[in-house]
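**Q**
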Ligand SMILES: [Zn+2]
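Numbering (UniProt numbering), first residue to last: 1 to 174.
1. Within its chain, find whatever has a CB closer than 7 Å to the CB of residue 174; leave out the 5 residues flanking it on each side and keep chain order.
2. Do residue 84 and ligand 1 come close, with the Cβ less than 8 Å from some heavy atom?
3. Following a CB-centred definition, is residue 72 positioned closer than 8 Å to any heavy atom of ligand 1?
4. Given this structure, state the Cα-to-Cα distance separating residue 162 from residue 145, to the nearest angstrom.
5. Please determine, among 40, 121 and 19, the residue with the shortest C-alpha to C-alpha distance to residue 168.
6. Hey, residue 91 and residue 66: beta-carbon distance below 9 Å or not?
7. To the nearest angstrom, report how far apart residue 134 and residue 105 are at their CA atoms.
8. Would you check whether ligand 1 has a heavy atom nearer than 8 Å to the C-beta of residue 87?
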């Protein structure tokens, strides 16, 4: 897989622009060794996931996903095999970093490990170019938001419980 079709048009897709605020760190408890399935975030290296390139791109400040070289389908989350035509000729392609809120809710009770101290928080579904994805919406309360609101990508660093440098995506209101 390659990133041969990455956008180089100098648009806001470039997460390394000097306008970006410092990246926030999300902490996950280190006191106990979590069973892997209880850790919300994937292990993100090539040894543990076939979509490590997605995480590498995200670590570099760019949200990407896979597009099938054979049938052209764009998927999210990224795949290692096209669910439409079963081809494994996939390329990473850049997604826009700004989208619109398709729907949202507020998580008040049970939350994944690493998020329990954050409740209540907003979880949303975001329309982003060719894909629709779910993500946390930071820096907003449920009452602040309306369907159709513009939102922008926010990348967070994940601290613990592994030694890996992990990242994840969220969105914030524009
Ligand atoms: Zn395909």
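By construction, the Cβ of each residue, glycine as well, lies at the ideal position given by its N, Cα and C atoms.
**A** Short version:
1. Along the chain shown, one-based indexing puts residue 174 at 174. 98, 150, 151 and 152, listed in sequence order.
2. The residue given as residue 84 occupies position 84 in the chain shown. True, at least one ligand heavy atom lies under 8 Å from that Cβ.
3. Residue numbering aside, residue 72 sits at position 72 when the chain shown is read from its first letter. True, at least one ligand heavy atom lies under 8 Å from that Cβ.
4. Stepping through the chain shown from its first residue, residue 162 is reached at position 162. Stepping through the chain shown from its first residue, residue 145 is reached at position 145. Cα-Cα distance, rounded: 34 Å.
5. Here residue 168 is taken as the residue at index 168 of the chain shown, counted from 1. The shortest C-alpha separation from residue 168 is found at 40.
6. One-based indexing of the chain shown puts residue 91 at position 91. One-based indexing of the chain shown puts residue 66 at position 66. Yes.
7. The residue labelled residue 134 in the question sits at position 134 within the chain shown. The residue labelled residue 105 in the question sits at position 105 within the chain shown. One C-alpha to the other measures close to 11 Å.
8. Position 87 of the chain shown, counted from the first residue, corresponds to residue 87. Residue 87 Cβ: within cutoff of ligand 1.
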